[in-house]
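Scroll down for the structure; my scribbles are underneath it.
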Amino acid sequence: MAEGVRRNLPPLTLHVPEPKFRPGDAVDYADFDRGAAGAVSRPAIDASPDVMRDHAYSLVRVLDDDGKAVGPWDPRLEPERLVAMLRHMALTRAYDDRLYRAQRQGKTSFYMKCTGEEATSIAAAYALDRDDMCFPSYRQQGILLARGWSLVDMMCQVYSNRGDRLKGRQMPIMYSAREAGFFSISGNLATQYPQAVGFAMASAAKGDTRIAAAWCGEGSTAEGDFHSACTFASVYRAPVILNVINNQWAISSFSGFAGAENTTFAARAIGYGMAGLRVDGNDALAVYAATEWAAERARANAGPTLIEFFTYRAEGHSTSDDPTKYRSAEENVKWPLGDPIARLKEHVIAIGAWDEERHAAMDKAVIDEVRTAQKEAEAMGILADGLLQHPFATMFEDVFEEMPWHLKEQSQQMHDERKKAGI
Amino acid sequence: MNMIQAINSALDVMMARDPDIVVMGEDVGFFGGVFKATEHLQARYGKTRVFDTPITELGIIGVSVGMCAYGLRPVPEIQFADYIYPALDQLVSEAARLRYRSAGEFTAPMTIRSPFGGGIFGGQTHSQSPEAMFTHVAGLKTVIPSNPYDAKGLLIAAIEDNDPVVFFEPKRIYNGPFDGHYDRPVTPWAKHPAAVVPEDYYRIPLGKAAVVREGEAVTILCYGTMVHVAVGVVAEMGVDAEIIDLRTLVPLDIAAIEASVRKTGRVVVVHEATKTSGFGAELAALIQERCFYTLEAPIERVTGWDTPYPHSLEWAYFPGPVRLTQALEKILEA
Chain A
173 MAEGVRRNLP PLTLHVPEPK FRPGDAVDYA DFDRGAAGAV SRPAIDASPD
223 VMRDHAYSLV RVLDDDGKAV GPWDPRLEPE RLVAMLRHMA LTRAYDDRLY
273 RAQRQGKTSF YMKCTGEEAT SIAAAYALDR DDMCFPSYRQ QGILLARGWS
323 LVDMMCQVYS NRGDRLKGRQ MPIMYSAREA GFFSISGNLA TQYPQAVGFA
373 MASAAKGDTR IAAAWCGEGS TAEGDFHSAC TFASVYRAPV ILNVINNQWA
423 ISSFSGFAGA ENTTFAARAI GYGMAGLRVD GNDALAVYAA TEWAAERARA
473 NAGPTLIEFF TYRAEGHSTS DDPTKYRSAE ENVKWPLGDP IARLKEHVIA
523 IGAWDEERHA AMDKAVIDEV RTAQKEAEAM GILADGLLQH PFATMFEDVF
573 EEMPWHLKEQ SQQMHDERKK AGI
Chain B
-5 MNMIQAINSA LDVMMARDPD IVVMGEDVGF FGGVFKATEH LQARYGKTRV
45 FDTPITELGI IGVSVGMCAY GLRPVPEIQF ADYIYPALDQ LVSEAARLRY
95 RSAGEFTAPM TIRSPFGGGI FGGQTHSQSP EAMFTHVAGL KTVIPSNPYD
145 AKGLLIAAIE DNDPVVFFEP KRIYNGPFDG HYDRPVTPWA KHPAAVVPED
195 YYRIPLGKAA VVREGEAVTI LCYGTMVHVA VGVVAEMGVD AEIIDLRTLV
245 PLDIAAIEAS VRKTGRVVVV HEATKTSGFG AELAALIQER CFYTLEAPIE
295 RVTGWDTPYP HSLEWAYFPG PVRLTQALEK ILEA
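Heads up: the sequence lines are chains A and B, in that order.
Going by our numbering, the first residue of the first sequence is number 173, and it counts up by one from there.
Going by our numbering, the first residue of the second sequence is number -5, and it counts up by one from there.
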């Protein structure tokens, strides 16, 4: 007992959260309540946040266990659109697998997959307009793919090679593509949140029709940026969609360290007077419907929406992470909301728009597409080619619009030092 | 005009010229700012261009970055420079590096205005001079005016600049030049030549220092409030000092500094910020790298102490005439 405490009181205890399952544990999700698909109501797009409180604690789901789309959130998409979404989700997975392997082959320093979370960016991108601005985190490569961005361009960034428009300055996967409405990715977490709100505010102040959307992980909702963004979004009714990808793990810290034991992440919206939705993130139709609802709400000047996409990070945090060291291997396979690609595939087969044969052909086609792009990207170099990728002078460019004297001097000094050393 | 009116005029002129400029910050809208620097702007340009914000400096700067991504040119106000720290990550990791990390695809042409420095009994949370911290960050520009004329011309240049600029306003001289004698009445700006400020547009380029007084015996490098302390001390001592008002710390006018040091051979650096790792250290290092053989005495630094700014003892902290006089006597005897 600490010195000086009053002995007639029970000692205080500190609660340190602990995940349910650790390596070696059998996984049992019996107490996880998914709710029934189609059970959650779909409010009017201009509904007041205070009549939507339950939406922050339930789970919007469209696809039932038989692959049927049910309930008020069914977005009733054309079969061709569903298949196109499915194809982009498969392409994302093929892209991830290929570049994960490239990292293991020593062709680049780092990679991050979004396996199991493909729907949260692909279906969301489909529900947004092409010119809406996205402020992604590092697991939304699907947005670029859904918007038809060049695979080769993305790979060049991962390889930091001669074709990398970012001149080899950013870690792999920290893309920037203004033309694709994809804001430059930061390594500092949740910084994109207030930035997205600022973009949305600017668009509204200018009388534009474009909206903004941001993505962050559940772990980084603990950052001050998240809360500043929610305050601004709510105060000015910014036309913005704030997505929280609750994939259960922030590297090795489970969602309990961001507060998941006490409430949901969608419920963060309630304190800010915002609309909040909790959505099955492995159900592409639910992701689409929720994003479409929030986008329509934003465009109608009815305010921002905070969406928690409940999902699971099926792979490690990054190539530098080994999840077998901190979580049960069964978590992934027993995840009660399944695999988003498998679920969408089952649905398009159930409605007669798809079959196993076409699916196998598509899987092969996306792998070929990725392989072809990889060849083209690697022809422009890989990270292992070292210092020869970008002219040295580029290091000093873009610090300022115009290079000030001290950078000119340092640039010259670097050239002189290399010349003298014979490099 | 006094400094506040000059700053207000710069914002007014620029908002009239460019519809993409927005002003935001705590209390800057209807009320016109706690120092009145944004007075009348909301009435003139509307609530969507001049508005109050929640009390989250991180949010103010983060939202400004997003507005830049849209194509606006925000001029956020941080009410006191001491409160920039909560926004430091958005400033240092985001605004400052956005151009670099996106290879020019996204930029952050924003000007962060903030009153700084002591001398108004603001205690340790309303008095600091954090400028050195920002000069250390690649991608940020740091500007500090010392009089109304410069304040307007430099602020216009900062707003037009396509890089993020931290614009520190020495609040001790908002209403009049201050020579460091806290027990004497302060003269209002009206009697100062720099108070003649054109109503219209003009700019003072960033990166250009001003020679406030030419001299042969010693170079005094200073900025902000300290310019007036230097002017007062030099007049009282009757020394033939050259006084250089740096005006911008990044980009720095190294040519003006070198030219003066080569002429005088002696240098005193004056700033209000704490000494250790202060901007005076950078100036001293640059001068010894570039002008060592013309130096006739070690470089002197006159600064605040390495303590937080004390409330009741602020005049003992402030690097006023006594400290500068002693430094000048010492360097001129060397």
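C-beta atoms are modelled at their ideal positions from N, C-alpha and C, and glycine is treated no differently.
>> Runs of 3 residues minimum, wholly inside the region 349 to 400 of chain A: which ones carry the beta strand (DSSP E) assignment?
In response: 384 to 389
>> Taking the straight line between their C-alpha atoms, what separation do you get for B:Gly209 and B:Leu149?
In response: 29 Å
>> Please state the DSSP three-state secondary structure of A:Phe193.
In response: DSSP places A:Phe193 in coil when its eight states are reduced to three.
>> Using a Cβ-Cβ distance cut-off of 9 Å, determine whether B:Gln84 contacts chain A.
In response: B:Gln84 has a beta carbon lying within less than 9 Å of a beta carbon in chain A.
> Taking DSSP as the reference, what is the three-state secondary structure of A:Asn418?
Replying inline: DSSP places A:Asn418 in the strand class (E or B) of the three-state scheme.
>> Looking at B:Leu82: is its Cβ nearer than 9 Å to the Cβ of B:Asp155?
In response: no
> Which residues, taken in chain order from the region 147 to 173 of chain B, show a beta carbon closer than 9 Å to some beta carbon of chain A?
Replying inline: Asp155, Asn156 and Asp157
> Is the Cβ-Cβ distance between A:Ala441 and A:Ser392 less than 9 Å?
Replying inline: no
> Enumerated in chain order, which unbroken segments of the alpha helix (DSSP H) with a length of 4 residues or greater are wholly contained in the region 108 to 183 of chain B?
Replying inline: 125 to 129 and 142 to 154
> Does A:Pro127 come within less than 9 Å of chain B when only Cβ atoms are used?
Replying inline: In the structure as shown, chain A starts at 173 and stops at 595, and residue 127 of chain A therefore has no counterpart that could be examined.
> Taking Cβ positions only, does B:Phe100 come closer than 9 Å to chain A?
Replying inline: Yes - at least one Cβ of chain A is within 9 Å of the one on B:Phe100.
> Mind checking A:Ala216: buried by the 16 CB within 10 Å criterion, or exposed?
Replying inline: exposed
> Going by C-alpha distance, which of A:Arg590, A:Ile539 and A:Ala456 is nearest A:Ile294?
Replying inline: Considering only A:Arg590, A:Ile539 and A:Ala456, the residue with the shortest C-alpha distance to A:Ile294 is A:Ala456.
> Helix, strand or coil for A:Leu235 per DSSP?
Replying inline: strand
> Can you name, in chain order, every residue of its own chain whose Cβ lies under 8 Å from the Cβ of B:Val233, other than the five neighbours on each side?
Replying inline: Gly209, Ala211, Val212, Leu322 and Leu326
>> Please report whether the beta-carbon of A:Gly428 lies at a distance below 9 Å from any beta-carbon of chain B.
In response: no
>> Residues in the same chain with beta-carbon distance under 7 Å from B:Gln84, minus the five sequence neighbours each way, listed in chain order, please.
In response: Leu52, Ile55, Gly56 and Val59
> Secondary structure at B:Ser87, three-state DSSP: helix, strand or coil?
Replying inline: helix
> Looking only at C-alpha atoms, which of B:Asp157, B:Ala37, B:Thr32 and B:Leu307 sits nearest to B:Tyr176?
Replying inline: B:Leu307
>> With three or more C-beta pairs closer than 8 Å as the rule, is the region 409 to 429 of chain A touching the region 95 to 113 of chain B?
In response: no
> Among residues of its own chain, excluding the 5 on either side of A:Asp397, which ones have a beta-carbon nearer than 6 Å to its beta-carbon?
Replying inline: Ala362, Thr363, Tyr365 and Pro366
> From which residue to which residue does the beta strand (DSSP E) around A:Gly448 run?
Replying inline: Ala447 to Asp452
> In the structure shown, what three-state DSSP assignment does B:Cys62 receive?
Replying inline: helix
> Counting only beta-carbon atoms, is A:Tyr310 nearer than 9 Å to chain B?
Replying inline: It does not: the Cβ of A:Tyr310 has no partner Cβ on chain B nearer than 9 Å.
>> Using beta carbons (cut-off 9 Å, strictly below), is B:Ser87 in contact with chain A?
In response: yes
>> Suppose you measure from the CA of B:Arg166 to the CA of B:Gly218; what does that come to, to the nearest Å?
In response: Going by the C-alpha atoms only, they are around 9 Å apart.
>> Three Cβ pairs or more, each shorter than 8 Å: is that satisfied between the region 553 to 563 of chain A and the region 323 to 335 of chain A?
In response: Judged by pairs of C-beta atoms under 8 Å, the region 553 to 563 of chain A touches the region 323 to 335 of chain A, as three or more such pairs exist.
> Mind checking whether B:Gln118 and B:Pro302 have CB atoms under 9 Å apart?
Replying inline: Cβ atoms of B:Gln118 and B:Pro302: closer than 9 Å.
>> For the beta strand (DSSP E) containing B:Pro70, name the first residue and the last one.
In response: Arg67 to Glu71
>> Which complete alpha helix (DSSP H) runs does the region 516 to 573 of chain A hold, if anything under 4 residues is left out?
In response: 528 to 550
> What beta strand (DSSP E) runs, 3 residues minimum, are completely inside the region 180 to 223 of chain B?
Replying inline: 204 to 207 and 212 to 216
> In three-state DSSP terms, what is B:Asp46?
Replying inline: In the structure shown, B:Asp46 adopts extended strand secondary structure according to DSSP, grouped into three states.
> Ends of the alpha helix (DSSP H) at B:Gly314?
Replying inline: Element bounds for B:Gly314: n/a, residue is neither H nor E.
>> Assuming B:Gly19 is part of the beta strand (DSSP E), what are its boundary residues?
In response: Ile15 to Gly19
>> On the DSSP letters alone, give me the boundaries of the beta strand (DSSP E) that B:His265 sits inside.
In response: Val261 to Thr268
> Within this structure, are the beta carbons of B:Pro70 and B:Val17 separated by less than 9 Å?
Replying inline: yes
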